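Worksheet: the structure to be examined is printed underneath.
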């Protein structure tokens, strides 16, 4: 097992190249950047002497747990992609952390980020998820990042909706390619709240095949510069925005006419119901509809049986017999 220790730093670090008058402890205290990528490291030991560390490269190793980083209160960049990490944890002391790279691990839930008040960039793409599962997002972590996070990479995670990410209103760049996003209306609703969105990559999602997919997103994201790797021409954007505004303006009067007609029909139906089938006005309307025109040939009119009630409420049946329409 390979552990990242101060002894390993001494062995593989650059202290030997520095001034001989400087002790190893002084070197560690002054150290700001540490690169131990692709060294088969499995665990992180106590490195608290490196308290001025700002950038730590630990990608392409065999690390299974994020631990022993509580000392790094000055850390701003942490690169731990392509390890065996299954849980985001033990980061609460990294108050200055602005960029976190965790792609290519085995994380199933984006969580444990509530205390990262300076985080602007998060990369969790390509997680090694169990078959049929998708990357999930803890609401508390997302809410805590709503005022800081600008760049998010969630590509290749089998994600089929973005509702949980709606609070991230400072978003400028979203990379969500190679997922299962399919609902264009959901995307319009979420992206309409992201007023600063500049770059959007949804390549190779089912939603890309929806009619007017590109036009609809450009219209909603009014400051978008790049969609799926293609630049957006400002002239085309303004044309689409004006076209949608014109379409919406024409639709409103038509909706008003439909609503008035619907209300009139409802009132007419309601009036007939309250008058009852035997009210004179209703019978006149019914008889006028059944009255033959002058050009029609004389014929025979058959009327169905009717059940009427006398003044005491007792019903009796009155039969109608065929009557010629012509003169007797």
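In the numbering used here, the protein residues as written are 2 to 329. Think of the CB as a built atom: it goes at the ideal place given N, C-alpha and C, for glycine as much as any other residue. Predicted, not measured: the structure shown is a model, and the values here were computed from it.
Candidates the options: which alpha carbon is nearest residue i's?
i: residue 180; options: 172, 203, 190 and 241; result: 203
i: residue 43; options: 35, 196 and 61; result: 61
i: residue 353; options: 248, 196 and 26; result: Any answer about residue 353 is impossible in this case: the structure gives the chain only from 2 up to 329.
i: residue 170; options: 238, 38 and 152; result: 152
i: residue 132; options: 119, 159, 155 and 36; result: 159
i: residue 100; options: 87, 149 and 184; result: 149
i: residue 102; options: 26, 116 and 83; result: 83
i: residue 54; options: 63, 4, 120 and 71; result: 71
i: residue 124; options: 118, 104 and 140; result: 104
i: residue 231; options: 141, 3 and 216; result: 216
i: residue 51; options: 30, 182 and 37; result: 30
i: residue 122; options: 174, 139 and 87; result: 174
i: residue 229; options: 235, 251, 205 and 2; result: 205
i: residue 13; options: 2, 35 and 23; result: 35
Using only the heavy atoms of the ligand NAD, determine whether one of them is closer than 6 angstroms to the beta carbon of residue i.
i: residue 113; result: With respect to small molecules bound, the structure shown includes none, and the ligand NAD cannot be examined in it.
Keeping to the same chain, check which residues put their C-beta closer than 8 angstroms to that of residue i; ignore five residues upstream and five downstream.
i: residue 288; result: In this prediction, residue 288 has a pLDDT of 48, which is less than 50 and means its spatial position is unreliable; what the coordinates show is noted afterwards. Here the set comprises nothing.
i: residue 141; result: 112 and 115
i: residue 275; result: Bear in mind that the predicted position of residue 275 carries a pLDDT of just 48, short of 50, making it too unreliable to give a figure here.
i: residue 224; result: 196, 197, 198 and 199
i: residue 2; result: 43 and 44
i: residue 233; result: 219, 225, 226 and 227
Would the beta-carbon of residue i fall within 7 angstroms of that of residue j?
i: residue 110; j: residue 137; result: yes
i: residue 107; j: residue 129; result: yes
i: residue 114; j: residue 81; result: no
i: residue 1; j: residue 32; result: For the chain, the structure presents residues 2 to 329; residue 1 sits outside this window and is missing.
i: residue 201; j: residue 172; result: no
i: residue 222; j: residue 192; result: yes
i: residue 69; j: residue 45; result: yes
i: residue 188; j: residue 219; result: no
i: residue 67; j: residue 91; result: yes
i: residue 76; j: residue 37; result: no
i: residue 332; j: residue 186; result: With the chain running from 2 to 329 in the structure shown, residue 332 is simply not present.
In chain order, what residues of the same chain lie with their CB nearer than 6 angstroms to the CB of residue i, ignoring the 5 residues before and after it?
i: residue 1; result: This structure gives no information on residue 1, because the portion of the chain shown stretches from 2 to 329.
i: residue 157; result: 126, 127 and 179
i: residue 7; result: none
i: residue 238; result: 219
i: residue 48; result: none
i: residue 245; result: 220
i: residue 183; result: 207 and 208
Output needed for residue i: all residues of its chain with C-beta closer than 7 angstroms, excluding positions within five of it in sequence on either side, in chain order.
i: residue 119; result: 96, 97, 98, 99 and 149
i: residue 63; result: 41, 42, 43, 84 and 85
i: residue 139; result: 110, 111 and 112
Measuring only between beta-carbons, confirm whether residue i sits less than 7 angstroms from chain D.
i: residue 242; result: Here chain D cannot be found, since the structure has a single protein chain.
- Task: Say whether the region 137-146 touches the region 91-106, bearing in mind that this needs 3 or more beta-carbon pairs closer than 8 angstroms, one atom from each stretch.
- Result: Verdict: no, contact absent.
- Task: Would you list, in sequence order, the uninterrupted beta strand (DSSP E) runs of no fewer than 3 residues that lie entirely inside the region 151-221?
- Result: As summarised for the region 151-221, the continuous beta strand (DSSP E) elements at least 3 residues long and confined to that stretch are 152-154, 174-176 and 200-202, given in chain order.
- Task: Spell out a yes or no on whether the region 147-164 and the region 209-224 are touching, meaning 3 or more CB-CB pairs, one atom from each, closer than 8 angstroms.
- Result: These segments do not touch.
- Entirely enclosed alpha helix (DSSP H) segments - the region 54-80, minimum 4 residues: You should have found no qualifying run.
- Message: I'd like the ranges of any alpha helix (DSSP H) spanning at least 4 consecutive residues and lying wholly in the region 86-165.
- Response: The qualifying runs are 140-145.
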